[in-house]
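Some notes on the structure that comes next.
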Amino acid sequence: MQEKYKRSENEIMQNWNCKKPILSIICITYNHKDFITKAIDSFLEQETDFAFEILIHDDCSTDGTRKIIQSYAKKYPNIIKAFYEEENQYQKGAEGRYFFGELSKIASKYIALCEGDDYWNDSKKLQFQVDFLENNPKFVVTYHSCKVIDCDGNIMDSGWTKFDYRDGSGYDMQKLYLCLPLRCVVYRNIIDFLEPNLLQYAKKIQNSDTFLWTLLGEYGDAKYIKEIKPAFYRIHIGGVWSMTDEKERHMMHTKSFYNMSEYFASKGNVNLASYFLSLSMYYLSCASSI
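Written out as structure tokens, the structure is:
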């Protein structure tokens, strides 16, 4: 897909009141040649009075995604920092590098997430979310709504569109009573994923966003900002989660919740350890019934 370059780097930065970024957009991508332009453009369209940066990690794409990222990085050298793998790390499982933890370590005060096949639809979203967090210290994360689209951009009917978006407590997040759409969040960068004990479990957990919400729940509440236009989550044949069948999803939950149980047990949190062990057993039963 052709790069658009809607605004120059100077035009994006002209209203920034500081040079050092206070927010990092983390974008993980793999073989998203047909979609990555839309994602990056939606980042560059953000209108803020603070500095932000875009950290793009390409996990050894083979379809030309890397070339598109390189073109953007050359055009926006003070905003985009790109990282390229020579071997696919996701396929290595727990033996691969935990690049999300590495990116989080170098990220700024706040983190926004969006994968390379998804995109945002509101140029003010980052300003809304950062302003709220700056003025409300009891909250650790903000989020907004999300719509699901197919590979051609057509809106699909799905569970996300029926989601009961609301504010939630830290307890709600820890128990997963409140689940957040990954591409819609901005949160405080307070989790050290490279801490050795946390790292060994994080590398094993495939449902990494679910784990992130439980960790953030220890530090504050979640705010739903209804004024922000919905982001878009794309269902396509190359999507890791969207193309996984039901039984495999149940097994992924089984393993993830088991490792989350082990992590919280190692931290002495018996309540959460027991809770996630019971969830692991539930999903194992679901998988066995299929």
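All residue numbers for the sequence shown refer to our numbering, where the first residue is 951 and numbers rise by one. The beta-carbon is built from N, C-alpha and C at its ideal position, and this holds for glycine as well. Given the structure is predicted, the values throughout are model-derived calculations rather than measurements.
Inter-residue spacing [alpha-carbon to alpha-carbon] between residue i and residue j
i, j, result
"Met951", "Cys1101", "The predicted model places Met951 with a pLDDT of 47, which falls under 50 and marks its position as unreliable; any figure quoted below should be read in that light. Roughly 13 Å between the two C-alpha positions."
"Lys1031", "Ser1239", "46 Å"
"Glu1045", "Lys1153", "8 Å"
"Ser1058", "Ile972", "5 Å"
"Leu1130", "Lys1088", "18 Å"
"Ser1054", "Asp1142", "8 Å"
"Gln1039", "Lys970", "30 Å"
"Ala1001", "Met963", "7 Å"
"Arg1199", "Trp966", "43 Å"
"Glu1003", "Val1135", "16 Å"
"Glu1212", "Thr1092", "28 Å"
"Met1201", "Phe1226", "14 Å"
"Gly1218", "Asn1086", "30 Å"
Contact set for residue i: own chain, Cβ-Cβ below 7 Å, skip 5 residues either direction
i, result
"Leu1016", "Position check: residue 1016 holds Arg in this sequence, whereas Leu was assumed. Excluding residues within five positions, the ones whose Cβ falls inside 7 Å are Asp1008, Tyr1034."
Contacting residues, own chain, Cβ-Cβ under 6 Å from residue i (five flanking each side not counted)
i, result
"Ile941", "Here the chain comprises residues numbered 951 to 1240, so residue 941 is not present and cannot be evaluated."
"His982", "Thr1015, Gly1066, Asp1067"
"Ser1095", "Tyr1115, Pro1180"
"Gly1249", "Past the boundaries of the shown model lies residue 1249; the chain is included only from 951 to 1240, so the question cannot be answered."
"Phe1078", "Ile1175, Ile1178"
Local Cβ density within 10 Å of residue i, reported as buried at 16 or more and exposed below that
i, result
"Ile976", "buried"
"Asn1209", "buried"
"Asp1195", "exposed"
"Ser1206", "buried"
"Ser1216", "exposed"
"Leu1166", "buried"
"Val1220", "exposed"
"Ile1029", "buried"
"Asp999", "exposed"
"Ser1230", "buried"
"Ser974", "buried"
"Lys1042", "exposed"
Same chain only: Cβ atoms within 8 Å of residue i, ignoring 5 sequence neighbours per side
i, result
"Ser1011", "Thr979, Tyr980, Asn981, His982, Lys983"
"Asp1117", "Asp1171, Ala1172, Lys1173, Tyr1174"
Cβ separation of residue i and residue j, assumed to be a contact under 8 Å, to the nearest whole Å
i, j, result
"Lys1024", "Leu994", "About 14 Å; that fails the 8 Å criterion."
"His1123", "Trp1163", "Inspection of the sequence shows that residue 1123 is occupied by Met rather than by His. Confirmed, Cβ separation roughly 5 Å."
"Ile1061", "Asn1139", "5 Å"
"Tyr1137", "Val1080", "The pair is not a contact, with the Cβ atoms about 11 Å apart (cut-off 8 Å)."
"Gly1051", "Leu1144", "5 Å"
Uninterrupted alpha helix (DSSP H) stretches inside the region 959–1011 (no shorter than 4 residues): 959–963, 986–994
Quick check on the DSSP output: what are the complete beta strand (DSSP E) runs of length 3 or more inside the region 1053–1078, in order along the chain? Within the region 1053–1078, complete beta strand (DSSP E) segments of at least 3 residues are found at 1060–1063, given in chain order.
Identify every run of the beta strand (DSSP E) within the region 1098–1175, keeping only runs that are complete inside it and at least 3 residues long; order them along the chain. 1136–1138, 1171–1174
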